[in-house]
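Q: Structure in structure tokens, see below.
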Amino acid sequence: MSQEQEVAARFKEVFGRPATVIARAPGRVEFIGNHTDYNGGAVLGAGIDRHVWVAVSRGEPGQFAFCSDQQTTVRTLAAGTSTRQTGALSWLNYPLGVWLALGQFGLSQPADFNLLVHSDLPSGAGLSSSAALELAAGLAFLQLAGAPAITAQRLAELGRHAENNFVGVPCGVLDQGTIAFARRDHLVHIDCMGPKFSTTPMPPGLRLWVFNSLTKHALIDGMYAQRHAECQQAAKALGVELLASLTPAELAARAGGLPPLIAKRARHVVEEHARVGQVVAALAANDMTRVGALLTASHRSSQHLFENSTPQLDFLVDRLVESPGILGARLTGGGFGGAVLALARPEFDAAGAQAVGAAYLAKFGRAPEIIPLQVADGAQLV
Ligand code: GLA
23 MSQEQEVAAR FKEVFGRPAT VIARAPGRVE FIGNHTDYNG GAVLGAGIDR HVWVAVSRGE
83 PGQFAFCSDQ QTTVRTLAAG TSTRQTGALS WLNYPLGVWL ALGQFGLSQP ADFNLLVHSD
143 LPSGAGLSSS AALELAAGLA FLQLAGAPAI TAQRLAELGR HAENNFVGVP CGVLDQGTIA
203 FARRDHLVHI DCMGPKFSTT PMPPGLRLWV FNSLTKHALI DGMYAQRHAE CQQAAKALGV
263 ELLASLTPAE LAARAGGLPP LIAKRARHVV EEHARVGQVV AALAANDMTR VGALLTASHR
323 SSQHLFENST PQLDFLVDRL VESPGILGAR LTGGGFGGAV LALARPEFDA AGAQAVGAAY
383 LAKFGRAPEI IPLQVADGAQ LV
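Encoded structure:
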């Protein structure tokens, strides 16, 4: 049975009627561009072949009903609920936030619905399961309401609006933008100043691997918001609206007056934005050794300047970069736990990956989750 058929069967079993619409959105990796997005910088991301599915039908009048693989009890809310949910109901904030955002964007909303979520994308790994859920829910709701299709950019904005304003995470456009624009065997390039979105082919013959450390900082959302605030503090002190409008040389000339910690945060963002440009150039020149070195340099900057890495992520990067066939490795996403992305030549295979996993197990008493990735298409109706 395909995943779609499984979702349809499960929907019927839970809600006693067939799903009207099924949508699917991939997870994403941040190829490079760490905490550059909300600073007006550039990022490269890719959709991955792990997905979140959202199936919906109209529901009981006046009611929203939700169910997922993890939360198998059906939860109901009064239609139009606009209060943020907490505890075991927190995951409802993603579809609920998107439903509210549809109204705020002047788009059609279904008056009531039944909604089922199915996923083979690990959550808490920095692979954007929340953004995938938002975008799949957005597509499903629009179709259920009989609304015309919206552009990928509008879909990304809708999901980000829900995340910023309802879920309450001050994220940039990387996750939703990558998932909306993702294309098989392509990287998504986002110039977040515009924002402007484009895709560029993934060089053939390279592989992406994810090593999920299976750890995350208990205060992960707070740490993200703190870094966001530190970047704003740096921009204000430097007299710019967005940090990425400065070149590394301009920052070096002006950073003297900043508190040392704030200067480190700013240096990470400004140099990381420049590194994304260098990766784009190295990809165009087919210089994969350089691309890999830039990825690893990005991790070192996270580790020492932005301080959003962890001993587990650093260990994985250290082991990976000394493994034959690995071109570069870095933490992917917000940091403070989650996963490492490795760029590899084909000679890095399952045996090489297992050797890294075994070293991690010996050190931390727990094996990492190892995922070889295919680069996949973006959010779509199925
Ligand atoms: C998370 C956020 C993104 C981005 C990355 C770090 O994934 O949701 O907007 O800031 O962290 O680059």
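This note's numbering applies: residue 23 is where the sequence shown begins, and numbers increase by one. Virtual Cβ for every residue (Gly too), placed ideally from N, Cα, C. Source: prediction; values computed, not measured.
#1: Tell me whether the beta-carbon of leucine 365 lies closer than 9 Å to the beta-carbon of leucine 317.
#2: I think aspartate 59 touches leucine 196, with their Cβ atoms under 8 Å apart; what is that distance to the nearest whole Å?
#3: Do you know how far the Cα of arginine 205 is from the Cα of valine 397?
#4: I want to know whether the segment 345-358 touches the segment 314-328 - three or more CB-CB distances under 8 Å.
#5: Could you check where the beta strand (DSSP E) with asparagine 136 kicks off and where it finishes?
#6: Tell me, please, which residues DSSP counts as bridged to valine 298.
#7: Under the rule that 16 or more other beta-carbon atoms within 10 Å means buried, what is serine 24, buried or exposed?
#8: Are the beta-carbon atoms of phenylalanine 37 and alanine 87 separated by less than 9 Å?
#9: Just verifying my parser: in three-state terms, what is the DSSP assignment at threonine 318?
#10: I'd like to check one pair, phenylalanine 328 with histidine 290: are the Cβ atoms closer than 9 Å?
#11: Closer than 8 Å: is that where the CB of glycine 55 sits relative to any heavy atom of the ligand GLA?
#12: What's the C-alpha gap between phenylalanine 188 and leucine 395?
#13: Any heavy atom of the ligand GLA closer than 8 Å to the beta-carbon of tyrosine 116?
#14: With a CB to CB cut of under 6 Å and the five nearest residues on each side skipped, what residues in its chain are close to leucine 114?
#15: In the structure shown, what three-state DSSP assignment does glutamate 391 receive?
#16: What are the start and end residues of the alpha helix (DSSP H) that includes glutamate 179?
#17: Relative to the C-alpha of alanine 110, which candidate in Leu122, Val96, Ala123 has its C-alpha closest?
#18: Less than 9 Å between the C-beta atoms of proline 270 and alanine 296, yes or no?
#19: Just checking my contact of leucine 265 with cysteine 253 at CB under 8 Å: how many whole Å lie between their CB atoms?
#20: Between the segment 222-240 and the segment 179-193, can you find at least three pairs of beta-carbon atoms closer than 8 Å?
#21: What residue ranges within the segment 307-378 form continuous alpha helix (DSSP H) runs of no fewer than 4 residues, ordered along the chain?
A: Here's the rundown:
#1: Yes, Cβ-Cβ distance for leucine 365 and leucine 317 is below 9 Å.
#2: The pair is a contact, with the Cβ atoms about 4 Å apart (cut-off 8 Å).
#3: When only Cα atoms are considered, valine 397 and arginine 205 end up about 7 Å apart.
#4: Verdict: yes, contact present.
#5: Counting along the chain, the beta strand (DSSP E) containing asparagine 136 begins and ends at 135-141.
#6: Valine 298 pairs with nothing; no bridge assigned.
#7: Taking every protein chain shown into account, the CB of serine 24 has fewer than 16 other CB atoms within 10 angstroms, so this residue is exposed.
#8: Against a cut-off of 9 Å, the Cβ pair of alanine 87 and phenylalanine 37 comes out as a contact.
#9: Threonine 318: helix per DSSP, three-state reduction.
#10: In contact: histidine 290 and phenylalanine 328 (Cβ atoms closer than 9 Å).
#11: The ligand GLA approaches glycine 55 closely enough that one of its heavy atoms is under 8 Å from the residue's Cβ.
#12: Roughly 31 Å separates the two Cα atoms.
#13: Within the chosen limit of 8 Å, the ligand GLA does not reach the beta carbon of tyrosine 116 with any heavy atom.
#14: Counting only Cβ-Cβ distances below 6 Å, and skipping sequence neighbours, we find Phe88, Gln107.
#15: It is a strand residue.
#16: Annotation: the continuous alpha helix (DSSP H) that includes glutamate 179 extends over 174-184.
#17: Selected option, being the one with the closest Cα: Val96.
#18: Taking a C-beta distance under 9 Å as the contact criterion, proline 270 and alanine 296 qualify as a contact pair.
#19: Correct: roughly 6 Å between the Cβ atoms.
#20: With the cut-off at 8 Å, the segment 179-193 and the segment 222-240 do not touch.
#21: Runs of the alpha helix (DSSP H) inside the segment 307-378: 310-323, 333-343.
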